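A.B. asks:
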Amino acid sequence: MTQIPLIERILASMTLAEKAAALCVARIVANPDGSLWEGDDPAAPFGFVPATELIVNRGISSVLLMNAPPAEAIATWHNSLQDLAARTRLGLPVQVASDPRHGSRFNVQTALVSSGLSRFPEPIGFAAADDPSLTERAARAMARELRACGISVAVHPMADLATEARWARISGTFGEDPERAGRISAAWVRGLQGDTLGPHSVAATVKHFPGGGPQRDGLDSHFAEGAHTVYPGGRFNDHVRPFVDALDAGATRVMPGYAAPLDTPHESVGFAFARSIITDLLRGELGFEGLVVTDFNVVTGMRLPALGFELPVRAWGVEHLTPIQRVGRLFAAGVDQLGGEDDPSLITDAVAAGEVTEERLDISVRRVLADRLALGLLTEVDASSAEDSVVRLSPVHVDPARAAFPATTAEHRAVALATRRASVVALTGEAPGRDGMRLYAEGIPAETLAAYGEVVTDPAEADLAIIRVDAPFEEREGLLAGAFHDGALEFPPAQLTHLLTLCATVPTVIDVYLERPTALPEIAEAATALLGTFGVEDEIVLDAIFGYQPVNGTLPFDLPRSTAAVAASRTDVPFDTVDPVFRFGHGLIWPGGSPRPVTKALAGTGSKSPSE
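Just so you know, we're using full-length UniProt numbering here: the sequence shown kicks off at 1 and counts up by one.
#1: Using alpha carbons as the reference points, say which of CYS503, ASP470, ALA22 lies closest to LEU489.
#2: Taking VAL424 as the reference, which of ASP238, PRO591, THR196 has the closest Cα?
#3: Classify ILE10 as helix, strand or coil using the three-state DSSP reduction.
#4: Bridge partners of ARG253, per DSSP?
#5: Checking 8 Å against the spacing of the C-beta atoms, do ARG101 and ALA68 come in under that value?
#6: For the pair the segment 502 to 510 and the segment 393 to 413, tell me if three or more CB-CB distances fall below 8 Å.
#7: Check this for me: beta carbons of ALA162 and GLY213, under 8 Å apart or not?
#8: Nearest-angstrom Cα distance between ALA494 and ILE589?
#9: So ALA26 is in the beta strand (DSSP E); what residue range does that whole segment cover?
#10: Can you tell me which of the three DSSP states ARG438 falls into?
#11: Taking the beta strand (DSSP E) that VAL509 belongs to, which residues open and close that run?
#12: Nearest to VAL313 by CA position, among ALA259, GLN95, LEU602, SER394, is which residue?
#13: Under the DSSP definition of a beta bridge, which residues are partnered with SER98?
#14: Entirely within the segment 542 to 599 and at least 4 residues each: give me those alpha helix (DSSP H) ranges in chain order.
#15: Using 8 Å for Cβ pairs, my map puts GLU539 next to LEU602. What's the rounded Cβ distance?
#16: So what does DSSP say about PRO261, is it helix, strand or coil?
#17: Can at least three beta-carbon pairs, one atom from the segment 44 to 57 and one from the segment 406 to 416, be found at a separation below 8 Å?
#18: Restricting to Cα atoms, I'd like to know which of VAL456, LEU427, LEU377 is closest to LEU197.
#19: To the nearest angstrom, how far is the alpha carbon of SER569 from that of VAL578?
#20: Might you give, ordered along the chain, the residues of its own chain that have their beta carbon closer than 6 Å to the beta carbon of VAL368, omitting 5 neighbours on each side?
#21: Would you kindly work out how many angstroms separate the C-alpha atoms of THR457 and ALA527, rounded to a whole number?
#22: Rounded to whole angstroms, what is the Cα-Cα separation between SER185 and MET255?
#23: For LEU530, which residues does DSSP report across the bridge?
#24: Identify which residue in LEU84, CYS24, VAL56 has its Cα closest to the Cα of VAL396.
#25: Please tell me whether ALA460 and LEU439 are closer than 8 Å, where the distance is taken between their beta carbons.
#26: Per DSSP, VAL113 is paired with what?
#27: So, for ALA386: in the same chain, excluding its five sequence neighbours on each side, which residues have a beta-carbon less than 6 Å away from its beta-carbon?
#28: So does the segment 237 to 248 actually touch the segment 217 to 224, counting three or more Cβ pairs closer than 8 Å?
#29: Going by the DSSP bridge assignment, what does MET142 pair with across the sheet?
#30: How many whole angstroms separate the CB atoms of ARG137 and GLY191, which I take to be in contact at a CB cut-off of 8 Å?
#31: Less than 8 Å between the beta carbons of ALA17 and PRO344, yes or no?
#32: Buried or exposed for THR76, going by 16 or more other Cβ atoms inside 10 Å?
#33: Whose CA, out of ARG366, GLY284, PHE331, GLY287, lies closest to the CA of THR357?
#34: If contacts are defined as beta-carbon pairs under 8 Å, then LEU514 and THR497 qualify, I think. What distance do you get, rounded to the angstrom?
#35: Looking at the structure shown, is GLY433 part of a helix, part of a strand, or coil, going by DSSP?
#36: For ASP245, which residues in the same chain have their Cβ closer than 7 Å to its Cβ, ignoring the five residues on either side in sequence?
Spelled out as structure tokens, the structure:
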């Protein structure tokens, strides 16, 4: 039988409840050893549904893995999920999705770090390297490693533009420039998927359409205070541009943003609820025919039973609608899957209430099945054994013993190391490190520093001080809000005074982890040399300072002079702050000499960044 009839025969075999289950993407966790989480941790803050209940009883077959066991454990867990799926009537295999898990920083809502996978800089570091070929090779390595674990959907790249420097999500973007963000997004998609979507691909989900960067006051749309994007400069189309490039590269999935736009021709409702955004712009004008999956919890809120409350639903502009009405509104807008929803009865009840028809659901189920078929996840059991023409599908397993192997290959190690090195940006000065120096450091372990010189604990006794610091942010209260680094861009007074005192005491190199554009005019003047990095280990920074590797990255955004300058700028307009300290594209070239032998830390999956 041909492939297309298989999709139709699966669809014909499905009950309404099974179709509804196929259109939910549920959160899920695995135990650290790779066993199934069955509700055996009553202190877990999130309201996850036990695996057997989720897969067998509710029939869910799309999940987002929310924690970070090692690669081998993920593969073991994946296989156990497939065994659960085999117990369902059709045996529809479970498709596992993941937020980024190859970077250096963990955020429970947006990014993970799993051992046994290659370590790359944060996505913004790829923009600093600005090498589409290297990006494509890196994303191809990510895809091999994810498929070895059983993960076939990437909930990335973020094609949002970083035009509001206070926004907490900038480290996941490819910067402020529409052209650069577009070409790196496209390379990322090509790397994950290949020329066409196939059994060795990972489906790319480009987000947050049509652009989540111009957040009012830089506040994130996960929270009610960040419910709106604004366009005082009339540059809505600039934010769409990187998505066009990603779609042209073949991205098969799109995730709309949470935010409701203000002062545009579009209705001021969350993007996923707007037919003018999903059907007219994305599917009509841009010709997208793939899957649209909502960002998580736009129908119901997130349960936090251990904390005794539920986070509000992120249905900005349609909070007054009931969950069933929101379901109808989403499918009418043109979406296919509901992210974060684990109760298929929301959809079946919407059908019963006349909010959506089963025929409309069939359109989305076909897209879901076509995606899985292309990825090699749908294999029919011998049709001769089927009863009553009901299709039965085979489970798809991976080899846990091989799950961590791709990251150990010379190819993957080389591309990961090359990417981390290429992401370093020299903002001022020259590489000042020399053999035999007495070195003082903050943010670098003494045992690491000792490979480069004599370690001293008093900066007054040092020939060179090397300081690694994170970009500043305002502390927020709450489990989730505290993970989002937003607000003021200047270093707190006490920290700034400390850094300037060091610079006055000893020649000082300062490396800033630029998860957001930092306002550092005083430091730029005082430091012997200033680096910007985006999630690399200490050895990368030290090799750059001591001339063992060239430095030629460039800034993927402007570095503003102050938070006030950002507040006075037009939120949607790239490069709109007055008199920035450094412009987009700035980066000095530090020529490197002979490289040091690659250490175990550099050869492996990367060491932790200084704040971890």
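Every residue gets a Cβ at the ideal spot worked out from N, C-alpha and C, and that includes glycine. Only a predicted model underlies this, so the values are computations on that prediction, with no experimental measurement involved.
C.D. replies: Put simply:
#1: LEU489 has its Cα closest to that of ASP470, out of CYS503, ASP470, ALA22.
#2: Residue nearest to VAL424 within the set ASP238, PRO591, THR196 is PRO591 (criterion: CA-CA distance).
#3: Secondary structure at ILE10: helix, using DSSP grouped into helix, strand and coil.
#4: THR205, LEU291.
#5: For the 8 Å CB-CB criterion, ARG101 and ALA68 form a contact.
#6: As far as the Cβ criterion goes, the segment 502 to 510 does not touch the segment 393 to 413, which means the pair count is below three.
#7: Yes, Cβ-Cβ distance for ALA162 and GLY213 is below 8 Å.
#8: Cα atoms of ALA494 and ILE589: separation of roughly 32 Å, rounded to the nearest angstrom.
#9: 24 to 28 is the span of the beta strand (DSSP E), which, as asked, contains ALA26.
#10: Strand, per DSSP.
#11: Note, VAL509: beta strand (DSSP E), 508 to 513.
#12: Among ALA259, GLN95, LEU602, SER394, the Cα nearest to that of VAL313 belongs to ALA259.
#13: Note: SER98 sits in a beta bridge opposite ALA154.
#14: Runs found: 563 to 568.
#15: About 5 Å; that satisfies the 8 Å criterion.
#16: Shown here, PRO261 sits in a strand according to DSSP, grouped into three states.
#17: The segment 406 to 416 and the segment 44 to 57 do not touch, with fewer than three beta-carbon pairs separated by less than 8 Å.
#18: Minimum Cα distance to LEU197 is reached at LEU377.
#19: Distance between the alpha carbons of SER569 and VAL578: 8 Å.
#20: So the list reads ALA22, once near-sequence residues are dropped.
#21: If you draw a straight line from the Cα of THR457 to the Cα of ALA527, it is about 19 Å long.
#22: Here the alpha carbon of SER185 sits roughly 14 Å from the alpha carbon of MET255.
#23: BP columns for LEU530 point to THR428, ILE510.
#24: Among LEU84, CYS24, VAL56, the Cα nearest to that of VAL396 belongs to LEU84.
#25: A distance of 8 Å or more separates the beta carbons of ALA460 and LEU439.
#26: For VAL113, the beta-bridge partners assigned by DSSP are HIS102.
#27: With a pLDDT of 48 at ALA386, under the threshold of 50, the modelled position of this residue cannot be trusted, and the question is left open.
#28: Touching, no.
#29: Within the DSSP secondary-structure output, MET142 pairs in no beta bridge.
#30: Your pair ARG137 and GLY191 checks out as a contact, with CB atoms roughly 7 Å apart and the cut at 8 Å.
#31: In contact: ALA17 and PRO344 (Cβ atoms closer than 8 Å).
#32: That one is buried.
#33: Distance check between THR357 and each of ARG366, GLY284, PHE331, GLY287 places PHE331 closest, using alpha-carbon atoms only.
#34: Not really, about 21 Å apart at Cβ, beyond 8 Å.
#35: Coil, per DSSP.
#36: GLY182, ARG183, SER185, ALA186.
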